[in-house]
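Novice: Sharing a structure, written as structure tokens. Questions coming.
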Amino acid sequence: MKYLKAKLKWEEYKAYPDKIIFQSKCSSNGMIKLSKTLKQFAKFDFLYVKINGKLRKFTITTGKDRGNLIYRCYIGRSNRNRKFQVFLKTISRFRGILIKSLGSKKDILDNYENPNFRIKISDDGILLLRFLLNLSSKSKHIPRIVSGDTIQKSITLETYKNMIRENNVNSKIISPFLSNRYIDEIEYNFTKDMVDVANPEIYRLVGLINGDGTLTKYGAYFYGNEKVLHNDFERISLNLDRNLQIKKSKVLKTYKTYWYSVTASKQLNKIGTIYNRKLDFITGFELPFNLNVYSEYLSGFYDAEGTFIKDSHIILPTSVTVSNKNINILTKRETKYLLNLAKEEGRFKYFIDTDSKSYGLGLNKLNKSKKRKEILIKLNRHFPGLMLSNKKILDNLSISSKMELKYISVYPLSENITAHWWLKITSIKDVIKFSVIINPTLIEKQKKLNDFVFNHITTDEFKKIGELINKNGS
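Under our numbering, residues 1389 to 1862 are what the sequence shown spells out, in order.
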């Protein structure tokens, strides 16, 4: 019969589903002492001892040794100084663990290779490892998750490999109790019913324009140097209205694709495309509660404006005007102060594409005096409407995000001031969900996401998450 062998405090034990067998020596007073560690795995009611060819059952009692609680069993002075093979019956939980472990044929190492994969160990797996590993050793390869009470949730694949290699443990017997941490943590439940939408792809156009375009009452414009995005803009616009006259031109070093139609503009505005004032802190929009709509919109916006930064993860940038001839979040004195400060301490920027000149001021510059901090407090209170709308979409998708003011731009000629914000998705599990939901056109942007995501889950798990999301979101 199969069994698992381990050493607990240097004593060897063999664990079968129904019992744990070990060697023990009877003391001079006729007692056999039991390791308290075994209480996690075995019943402490009776000890079974084979004496002179007959199996006998002895009651286990407690006592004190130098003030410490001990477990012992009296088998008689006539047996003193003799060694016996003894056993305890396993508790039902450990019996189930052993049956599952001994019958395992799969190895988690067959699915994961990257050393940075996070492996979650179930409570049963932790109990099994406590039996298999010599926790009394001072090995650096025994993680805290196994050795004691801790809030640690997972270990890396590298740590796992070191642990089983040093302790000569077969990975197959532990694999039933291991899983990818991020898969276990991704739960996807919508809080309300989805609405039906006939043509979700139109919302990719909304995302493109809200990201890097302009919608007026008379037409729509899209700017940028990515030809495939201009193709998306043209194709989806013609699906909206086949009679649109698509025009293309070049503005300095930036390409522009555009069309004119009052009717089509009204339709796009009605479904969530912002008119003109994307930099207005008031203007926002609502999208239909539909998974495909969110996917198309976020794909378009991410293609146009989004980016992936390794240490900050997914960034959806948005800007907001805080001072111009129509918007006066700052007083005239504060505006003048920032204009002078920008010229003295800001970083000069010249945008060839638009022939625009500005000075950039980071938050570190705005934290150096009381006056500057008062301005910063005002800026932090005025969120871009576009960013708030994007955050609400992510909230509806159960994706956590954070709004963060990054820097301001001061334009010396117009004396306009713009605040630049980031909507950040930093949690790995939320980055995974976002990556599963969207389908960007730009290959390089998709590749950056994939390179990160597939450091934490496998391609098969990626597909499973997609199936789960689509099932719950349909």
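C-beta atoms are modelled at their ideal positions from N, C-alpha and C, and glycine is treated no differently.
Throw me the rounded Cβ distance for the Asn-1522 and Lys-1413 pair, which I believe falls under 8 Å.
Specialist: Residue mapping note: residue 1522 aligns to position 134 of the sequence shown, counting from 1. Residue mapping note: residue 1413 aligns to position 25 of the sequence shown, counting from 1. Actually they are not in contact, since the Cβ atoms of Asn-1522 and Lys-1413 sit about 20 Å apart, beyond 8 Å.
Novice: Skipping 5 residues on each side, what residues in its chain have a beta carbon closer than 7 Å to that of Ala-1652?
Specialist: Along the sequence shown, read from residue 1 onward, the residue named residue 1652 stands at position 264. Result list for Ala-1652: Leu-1628, Asp-1629 and Leu-1632, in chain order.
Novice: Any idea what DSSP makes of Gln-1834, helix, strand or coil?
Specialist: Residue 1834 sits at position 446 when you count from the first residue of the sequence shown. Correct three-state label for Gln-1834: helix.
Novice: Does Glu-1855 pass the burial test, meaning 16 or more other C-beta atoms within 10 Å, or should it be called exposed?
Specialist: Walking along the sequence shown from the start, residue 1855 turns up at place 467. Its Cβ having fewer than 16 others within 10 Å, Glu-1855 is exposed.
Novice: DSSP three-state label for Gly-1595, please.
Specialist: As a working mapping, residue 1595 is identified with position 207 in the sequence shown. Gly-1595: helix per DSSP, three-state reduction.
Novice: Excluding the 5 residues preceding and the 5 following Val-1639 in the sequence, name in chain order all residues of the same chain whose CB lies nearer than 6 Å to its CB.
Specialist: Your numbering for residue 1639 matches position 251 in the sequence shown. Contacts found: none.
Novice: Determine, using beta carbons only, whether Ile-1703 and Trp-1810 come nearer to each other than 7 Å.
Specialist: Taking the first residue of the sequence shown as position 1, residue 1703 is located at position 315. Taking the first residue of the sequence shown as position 1, residue 1810 is located at position 422. Yes, they are a contact pair.
Novice: Is it right to say Leu-1457 is buried, meaning 16 or more other beta carbons lie within 10 angstroms of its own, or is it exposed?
Specialist: Locating residue 1457 in the sequence shown gives position 69, counting from the first residue. It is exposed - the Cβ of Leu-1457 has fewer than 16 other Cβ atoms within 10 Å.
Novice: Apart from the five residues just before and just after Tyr-1606, which ones in its own chain have a Cβ nearer than 7 Å to its Cβ?
Specialist: Within the sequence shown, numbered from 1, the residue matching residue 1606 stands at position 218. For Tyr-1606, where only same-chain residues beyond five positions count, the Cβ hits under 7 Å are Tyr-1648, Val-1650 and Ser-1653.
Novice: Please report the Cβ distance between Ser-1888 and Ser-1815, rounded to the nearest whole angstrom; I am assuming they are in contact, meaning their Cβ atoms lie under 8 Å.
Specialist: Within the shown structure, residues of the chain are numbered from 1389 to 1862, placing residue 1888 beyond reach of any answer.
Novice: With 16 as the cutoff for other CB atoms within 10 Å, does Ser-1777 come out buried or exposed?
Specialist: The residue given as residue 1777 occupies position 389 in the sequence shown. Buried.
Novice: Going by DSSP in three states, Ser-1489 sits in which element: helix, strand or coil?
Specialist: Counting from 1 along the sequence shown, the entry for residue 1489 is found at position 101. In this structure, Ser-1489 counts as helix in the three-state DSSP scheme.
Novice: Can you tell me the Cα-Cα spacing of Thr-1447 and Tyr-1436, whole angstroms?
Specialist: Taking the sequence shown and counting its residues from 1, one reaches residue 1447 at position 59. Taking the sequence shown and counting its residues from 1, one reaches residue 1436 at position 48. Each residue's Cα considered, the two are about 9 Å apart.
Novice: Where DSSP assigns a beta bridge to Thr-1450, which residues make up the other side?
Specialist: The sequence position of residue 1450 within the sequence shown is 62, counting from 1. Its beta-bridge partners are Tyr-1459.
Novice: DSSP state of Pro-1705, grouped into three classes?
Specialist: In the sequence shown, residue 1705 corresponds to position 317, counting from 1. It is a strand residue.
Novice: Mind checking Lys-1471: buried by the 16 CB within 10 Å criterion, or exposed?
Specialist: In the sequence shown, counting from the first residue as 1, residue 1471 sits at position 83. Exposed: under 16 other Cβ atoms inside 10 Å.
Novice: Ordered along the chain, which non-local residues of its own chain (more than five positions away) have a Cβ less than 7 Å from that of Asn-1613?
Specialist: Here residue 1613 refers to the residue found at position 225 when the sequence shown is read from its first residue. Closer than 7 Å at the Cβ level, and outside the excluded window around Asn-1613, lie Thr-1642 and Tyr-1643.
Novice: Going residue by residue through the stretch 1674 to 1737, where are the continuous alpha helix (DSSP H) segments of at least 4 residues, counting only ones entirely within it?
Specialist: Counting whole runs of 4 or more residues, the stretch 1674 to 1737 contains the alpha helix (DSSP H) stretches 1679 to 1692 and 1720 to 1733.
Novice: For Leu-1426, which residues from the same chain have a beta carbon less than 6 Å from its beta carbon, with the 5 sequence-adjacent residues on both sides left out?
Specialist: Position 38 of the sequence shown holds residue 1426. Same-chain partners within the cutoff: there are none.
Novice: Does the structure place the stretch 1580 to 1599 close enough to the stretch 1688 to 1704 that three or more beta carbon pairs sit under 8 Å?
Specialist: These segments touch.
Novice: Would you call the stretch 1724 to 1736 in contact with the stretch 1825 to 1844, where contact means no fewer than 3 C-beta pairs closer than 8 Å?
Specialist: The answer is no - the stretch 1825 to 1844 does not touch the stretch 1724 to 1736, with fewer than three Cβ pairs under 8 Å.
Novice: Looking at the secondary structure, which residues open and close the alpha helix (DSSP H) in which Ala-1652 lies?
Specialist: Mapped onto the sequence shown, residue 1652 falls at position 264. Where Ala-1652 is concerned, the enclosing alpha helix (DSSP H) stretches over 1650 to 1658.
Novice: Where does Met-1551 fall in DSSP's three states?
Specialist: Translated into positions along the sequence shown, residue 1551 becomes position 163. The answer is helix: DSSP assigns Met-1551 an H, G or I state.
Novice: Please work out which residues of its chain come closer than 8 Å, Cβ to Cβ, to Met-1419, disregarding the five sequence neighbours upstream and downstream, and give them in chain order.
Specialist: On the sequence shown, position 31 is the one that residue 1419 refers to. These residues qualify, in order along the chain: Arg-1460, Cys-1461, Tyr-1462 and Ile-1463.
Novice: Using the Cα positions of Asn-1768 and Gly-1750, report the straight-line distance between them to the nearest angstrom.
Specialist: Taking the sequence shown and counting its residues from 1, the one referred to as residue 1768 is at position 380. Taking the sequence shown and counting its residues from 1, the one referred to as residue 1750 is at position 362. The alpha-carbon atoms of Asn-1768 and Gly-1750 are separated by roughly 13 Å.
Novice: Based on DSSP bridge pairs, tell me the residues matched to Ser-1744.
Specialist: Start at 1 with the first residue of the sequence shown, and residue 1744 comes out as number 356. For Ser-1744, which the question treats as bridged, DSSP gives the partners Phe-1739.
Novice: Using the C-alpha atoms, what's the distance from Asn-1504 back to Arg-1454?
Specialist: In the sequence shown, counting from the first residue as 1, residue 1454 sits at position 66. In the sequence shown, counting from the first residue as 1, residue 1504 sits at position 116. Taking the straight line from one Cα to the other gives about 46 Å.
Novice: Between the alpha carbons of Lys-1445 and Asp-1433, how many angstroms are there, rounded?
Specialist: The residue you call residue 1445 lines up with position 57 of the sequence shown. The residue you call residue 1433 lines up with position 45 of the sequence shown. Those two C-alpha atoms are separated by around 10 Å.
Novice: Can Lys-1488 and Lys-1431 be called in contact, C-beta distance under 7 Å?
Specialist: Along the sequence shown, read from residue 1 onward, the residue named residue 1488 stands at position 100. Along the sequence shown, read from residue 1 onward, the residue named residue 1431 stands at position 43. Not closer than 7 Å, so no.
Novice: Can you name, in chain order, every residue of its own chain whose Cβ lies under 7 Å from the Cβ of Val-1585, other than the five neighbours on each side?
Specialist: Numbered from 1 along the sequence shown, position 197 holds the residue referred to as residue 1585. The answer, listed in chain order, is Pro-1676, Asn-1678, Asn-1680 and Val-1681.
Novice: Among the candidates Ile-1552, Ser-1542, Gln-1655 and Thr-1547, whose CA atom is the shortest distance from the CA of Ser-1567?
Specialist: Along the sequence shown, read from residue 1 onward, the residue named residue 1567 stands at position 179. It is Ser-1542 whose Cα lies nearest to the Cα of Ser-1567.
Novice: Could you check where the alpha helix (DSSP H) with Met-1775 kicks off and where it finishes?
Specialist: As a working mapping, residue 1775 is identified with position 387 in the sequence shown. Segment 1773 to 1784, the alpha helix (DSSP H) holding Met-1775.
Novice: Using only alpha-carbon positions, find the residue among Ile-1820, Leu-1830 and Ser-1786 that is nearest to Ile-1853.
Specialist: Walking along the sequence shown from the start, residue 1853 turns up at place 465. Of Ile-1820, Leu-1830 and Ser-1786, the residue nearest in Cα terms is Ile-1820.
Novice: Please look up how many angstroms separate the CB atoms of Ile-1826 and Leu-1686, rounded, as I've assumed it's under 8 Å.
Specialist: Here residue 1826 refers to the residue found at position 438 of the sequence shown. Here residue 1686 refers to the residue found at position 298 of the sequence shown. Yes, Ile-1826 and Leu-1686 are in contact; Cβ-Cβ is about 5 Å, under 8 Å.
Novice: Sorted by chain position, which residues of the same chain lie with C-beta nearer than 8 Å to Glu-1622's C-beta, five sequence neighbours on each side aside?
Specialist: Start at 1 with the first residue of the sequence shown, and residue 1622 comes out as number 234. Closer than 8 Å at the Cβ level, and outside the excluded window around Glu-1622, lie Ile-1634 and Thr-1645.
Novice: Hey, quick one: how far does the alpha helix (DSSP H) through Arg-1569 stretch, first residue to last?
Specialist: In the sequence shown, the residue the question calls residue 1569 occupies position 181. That run of the alpha helix (DSSP H) goes 1569 to 1573.
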